[in-house]
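Encoded as structure tokens, the structure appears first; notes follow it.
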Amino acid sequence: MFDIATKLSINEKLTILSDAAKYDVACTSSGVDRRGQKGMLGNSCPAGVCHAFAADGRCISLLKILMTNHCAYDCKYCKSRKSNDIPRATFTPDEICQLTIEFYKRNYIEGLFLSSGILQNPNYTMEKMVETLRLLRTKYHFNGYIHVKAIPGASDELLYSAGLLADRISINMELPTQASLTTLAPNKNMNNIIKPMNQISGTIAAHRMAIGKSARMERAGINKHLIHSIWGNTTERIEAQNDSGNLLIPAERKDAQLQRSFAAAGQSTQMIIGASNETDFELIRTTQNLYQAFDLKRVFYSGYIPINEDRDLPAIGTPVPMLREHRLYQADWLMRYYGFYAEELLSDQNPFFDNQLDPKCFWALTHLENFPVEINSAPAETLLRVPGIGPNGVKKILSARRYGTVNFEMLKKMHIVLKRAQYFITCGGKMIYQMPIEERFIRNQLTDLERTKVMEIEGQNVTYKQMNLFQDFAVR
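Quick note: the sequence shown, position 359, residue 359 per this note's numbering, numbers continuous.
This is the structure we're talking about:
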């Protein structure tokens, strides 16, 4: 390792530290509705930040940088680990502020994503990050979107200040089990990650109640009568009771006086896919537990890019598991918006998703006893589980059913994806074509439809062949 930080220009630091930040996933919508204010620069709206894409396909809607790539830890999967011989650099808080403002004025970005290696220790690193955010909000009057990666092991006071100054705060879980952390990240342990995640979740819930938004309080496990807060005036702390005990996070008055909600856009985390040997079932079950316990906005997945040589890691040159990452995101969507549970999608006996079928089609094929579904009588929750029908489609179907019988022609006009749905539904007791509801037949039809897309995701070259009438269309 060699340190050239003192000799680098801000542009050279930007080259090093923006490249080092590309392994953090941060393509998020803002989740907050904050309009422009007189005397301040920037705003944030619920539709989210604007998206631009770099030459390598990565989203650069945020200025995504590390404060430093110096690190006291030696995580085997990380490019910035202390044992790697790489150029090192460190931004000062004022340099980050200048970059953010100048990029924003040129309309290159809509906000800032700030992460960091561990410089000296977690508290020192988090203190520098909080100083940066405080300068942006006060000295530079930046009112735009900020996503900050909190450092596990930092003090409660610093985490609380970060939550007041940023819109979204996240703590990277990195790996879903303690066994994987012990093997690949010996300086980390699960308790140091879960504890601040729990504290942040409880504080978000407490602030929601303090300003009259208590819809998620039951999920967060907060007892309403134990909330003590006079938000924005004389409160020195927010105290709440949750499932794991007392939460006590002191507030620094100079940040509390900004009268900002604590992490208004919520909390998220990230897990690395493919660096360790967890199954898809373990990953989505961990994801489900995180959503239920901590009310996270998102769990992000990052396919592991082999950059370090180590016997505990995939060899350099191993393909990045992009398709696996894609399937996990699809499953995540089903759990968040379609009412699925991890135990329905996968099991210990069948722990991986199908490469050729999306998780919803895969579930449908393994539960054919639930099909076909009659469009004109099935309840909304049943319609939502039909491949090719989403929440908007369900709303349209339910609305149309109030005025008469729905047929396949109407479904086409509603933009229902009949390429998939046709194998699982009936209208007036009839299917669109005479076809068997049989797993092998439906699988063959669906994989024929999706094969090109699957190959594109896997990065393969799509090839074509002459169809054979007797083989390709033989009755199976």
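Don't be surprised by glycine CBs; every beta carbon is placed ideally from N, CA and C.
- The secondary-structure analysis by DSSP pairs GLU174 across a beta bridge with MET271.
- Burial of LYS64 is indicated by the presence of at least 16 other C-beta atoms within 10 angstroms of its C-beta.
- Here the region 387 to 406 makes no contact with the region 325 to 335; the two share fewer than three CB pairs at distances below 8 Å.
- The DSSP-derived three-state label of VAL394 is helix.
- Approximately 17 Å separates the beta-carbon atoms of ASN350 and LEU323; this is outside 8 Å, ruling out the contact.
- Short of 8 Å from the beta carbon of GLY317, and not among the five residues preceding or following it, lie these beta carbons of its own chain, in chain order: PRO306.
- Here SER115 carries a strand assignment [DSSP, helix/strand/coil].
- In the three-state reduction of the DSSP assignment, THR183 falls in the helix class, which pools H, G and I.
- TYR145 is bridged by DSSP to GLY111.
- Between ILE194 and SER201, the alpha-carbon positions lie close to 10 Å from each other.
- In this structure, TRP363 is the residue among PHE103, GLU325, TRP363 and HIS326 with its C-alpha nearest to the C-alpha of TYR341.
- Within the same chain, and ignoring the five residues on either side of THR405 in sequence, the residues whose Cβ sits closer than 8 Å to its Cβ are ASN376, CYS427 and GLY428.
- With contacts defined by Cβ atoms closer than 8 Å, SER115 and LYS149 form a contacting pair.
- DSSP places TYR301 inside the beta strand (DSSP E), whose first and last residues are 298 to 303.
- For ARG420, same chain residues with a beta-carbon under 8 Å away, outside a window of 5 residues either side, are CYS361, PRO387, GLY388, LEU446 and LEU449 in chain order.
- C-alpha of THR177 to C-alpha of GLY274: approximately 13 Å in a straight line.
- Where LEU165 is concerned, the enclosing alpha helix (DSSP H) starts and stops at 156 to 165.
- By the Cβ neighbour-count rule, TYR433 is exposed, with fewer than 16 other Cβ atoms within 10 Å of its own.
- In the DSSP annotation of this structure, the continuous segment of the alpha helix (DSSP H) that includes ILE10 starts and ends at 10 to 20.
- Boundaries of the alpha helix (DSSP H) harbouring LYS105: 93 to 105, taken from the DSSP string.
- According to the DSSP assignment, LEU41 belongs to no alpha helix (DSSP H), since it is labelled neither H nor E.
- By the Cβ-count criterion, HIS367 is exposed, with fewer than 16 other Cβ atoms from all chains shown falling within 10 Å of its own Cβ.
- Rounded to the nearest angstrom, the Cβ distance from LEU133 to ALA166 is 6 Å, consistent with a contact under 8 Å.
- TYR160 is positioned such that its CB atom lies closer than 8 Å to that of THR203.
- Under the criterion of beta carbons closer than 8 Å, SER80 and GLY117 qualify as touching, at roughly 5 Å.
- Taken atom to atom, the span from the alpha-carbon of ARG285 to that of GLU343 is near 8 Å.
- Measuring C-alpha to C-alpha distances from SER347 to each of TYR403, LYS38 and LEU283 identifies LEU283 as the nearest.
- A direct Cα-to-Cα measurement between ILE86 and VAL299 gives close to 30 Å.
- Shortest Cα-Cα distance from LYS105 to any of ASN123, TYR140 and MET129 involves TYR140.
- If you draw a 10 Å sphere on the C-beta of PRO379, you find fewer than 16 other C-beta atoms in it, and that means exposed.
- Secondary-structure assignment with DSSP links VAL386 through no beta bridge to anything.
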